[in-house]
Every structure is written in C-alpha cells, then in structure tokens.
Amino acid sequence: MEIETILEKYTGSQRDNLIPILEEIQEERGFISEEAIVKVSRFLKLPASKIYGVATFYDFFHFERQPAYHIRVCNGINCHLAGSDNILRKLEEELKVKAGQLTRDGIFKYELTGCLGACNSAPVIKINDEFYSGITADDISQIIEECKMKIKEA
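For the sequence shown, this note's numbering begins at 10 and goes up steadily by one.
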C-alpha cells in the first residue's frame, strides 16, 4: 500500500493522528522511511523535524528495514569469558556481514549487546524473543539453518 493511500484515511486529520499514521506506515512497509516522514510532514503541515522527533522518541519505530531474525550476542562478563567473541566471529563468517549490518537477503542482523540476564547459561544469544544458552560457535551454523528453514516454511 502506498503512503498516500494510508494518508487518505486520515483526511482532515490534525497532529493528534501522527502516531497512528506512523504506526500504519510502519506496519505496511516495515519501517518509516525519509520519504514517509516528508509526506506525513506535508500532509499534516508540520515540519519534518517534528515528525522525526516524535518518531525517534518511541522505541517501536524503525527507520530501516527490519530483519526477520535479529540476533543479539550477549557480551556480559560471563558470556565474554565463555566465548561470545567466538560466536561473533562465526556469525560474521556465516552471514557475511559485520555486526549491525543487515544481510543482503534481509533475513538476519546481529549485534553485540550488554548483559541479557542469563549469566548462569553463558554464552547466550537471543534471536528475536528466543534465548539460546550455553552455545558455542559450532552451534551457529545449525541455528542459522533452522532460522532459514522457518522462513521457507512460512
């Protein structure tokens, strides 16, 4: 659905519909683009900086395409000592991108993060909302393959 089609639903709207408009755009497109901010700005007759300011205030708005699988590698002290750096290297090798980058197919993104609160199960990664504990770099290939299979099945 085009941004204009979404905006048409809000004809005559005031700034109090800004968040619902941004939510609908993100739901439809997966993120809020610069183009969307400009179009909403013109539609609501508000500065683009105001639209961007509101959108960046809330954690749930994204400004780039989101992956199907967001991998967080814990770097808390226990995970670090248990080999989280090896897991990071293996992810880079498997996914062929650096931490923080989206894979070419848009399926994966990984990052190093602070403590995930599962210190007794180190090292730990979290993929979307699922924890994987006590893993090693050798487990990464299988985990990545399982994720890819879930995408194919969907």
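For each residue, glycine too, the CB sits at the ideal point set by N, CA and C.
Can residue 91 and residue 131 be called in contact, C-beta distance under 8 Å?
As a position in the sequence shown, residue 91 is number 82, starting the count at 1. As a position in the sequence shown, residue 131 is number 122, starting the count at 1. Cβ atoms of residue 91 and residue 131: closer than 8 Å.
Within a Cβ cutoff of 8 Å, which residues of the same chain sit near residue 76, ignoring the five residues on either side of it in sequence?
Position 67 of the sequence shown, counting from 1, holds the residue named residue 76. Hits under 8 Å: 111, 112, 115, 116, 117 and 118.
With burial defined as no fewer than 16 other Cβ atoms inside 10 Å of the residue's Cβ, what is the status of residue 86: buried or exposed?
Your numbering for residue 86 matches position 77 in the sequence shown. By the 10 Å Cβ count, residue 86 comes out exposed.
With residue 120 and residue 81 assumed to form a contact (beta carbons below 8 Å), what rounded beta-carbon distance in angstroms separates them?
Residue numbering aside, residue 120 sits at position 111 when the sequence shown is read from its first letter. Residue numbering aside, residue 81 sits at position 72 when the sequence shown is read from its first letter. Their Cβ separation, rounded to whole angstroms, is 6 Å, which keeps residue 120 and residue 81 in contact under 8 Å.
For residue 42, name the three-state secondary structure that DSSP assigns.
On the sequence shown, position 33 is the one that residue 42 refers to. If DSSP states are grouped into helix, strand and coil, residue 42 belongs with coil.
Using a Cβ-based criterion (distance less than 7 Å to any ligand heavy atom), does residue 139 qualify as near the ligand ZN?
Looking at this structure, you won't find the ligand ZN or any other ligand, since it has none at all.
Where do the ends of the beta strand (DSSP E) carrying residue 79 lie?
Looking up residue 79 in the sequence shown gives position 70. It spans 78-83 - the beta strand (DSSP E) in which residue 79 sits, taken as one unbroken run.
What is the DSSP secondary structure of residue 122, reduced to helix, strand or coil?
Translated into the one-based positions of the sequence shown, residue 122 becomes position 113. If DSSP states are grouped into helix, strand and coil, residue 122 belongs with the strands.
Under 7 Å Cβ to Cβ from residue 124, same chain only, skipping five residues before and after it: list those, please.
For the purposes of this step, residue 124 is taken as residue 115 along the sequence shown, with counting starting at 1. The residues are 83 and 85.
Residues in the same chain with beta-carbon distance under 6 Å from residue 141, minus the five sequence neighbours each way, listed in chain order, please.
The residue you call residue 141 lines up with position 132 of the sequence shown. Excluding residues within five positions, the ones whose Cβ falls inside 6 Å are 134.
Would you call the CB atoms of residue 34 and residue 41 closer than 8 Å?
By one-based count along the sequence shown, residue 34 stands at place 25. By one-based count along the sequence shown, residue 41 stands at place 32. Against a cut-off of 8 Å, the Cβ pair of residue 41 and residue 34 comes out as a contact.
Can you tell which of 67, 64, 70 and 149 has its C-alpha closest to the C-alpha of residue 102?
Locating residue 102 in the sequence shown gives position 93, counting from the first residue. The candidate whose alpha carbon is nearest that of residue 102 is 149.
Assign residue 130 to one of three DSSP states: helix, strand, or coil.
As a position in the sequence shown, residue 130 is number 121, starting the count at 1. If DSSP states are grouped into helix, strand and coil, residue 130 belongs with the helices.
Between the alpha carbons of residue 78 and residue 105, how many angstroms are there, rounded?
By 1-based counting over the sequence shown, the position of residue 78 is 69. By 1-based counting over the sequence shown, the position of residue 105 is 96. Each residue's alpha carbon lies about 15 Å from the other.
In chain order, what residues of the same chain lie with their CB nearer than 7 Å to the CB of residue 72, ignoring the 5 residues before and after it?
Start at 1 with the first residue of the sequence shown, and residue 72 comes out as number 63. Hits under 7 Å: 40 and 41.
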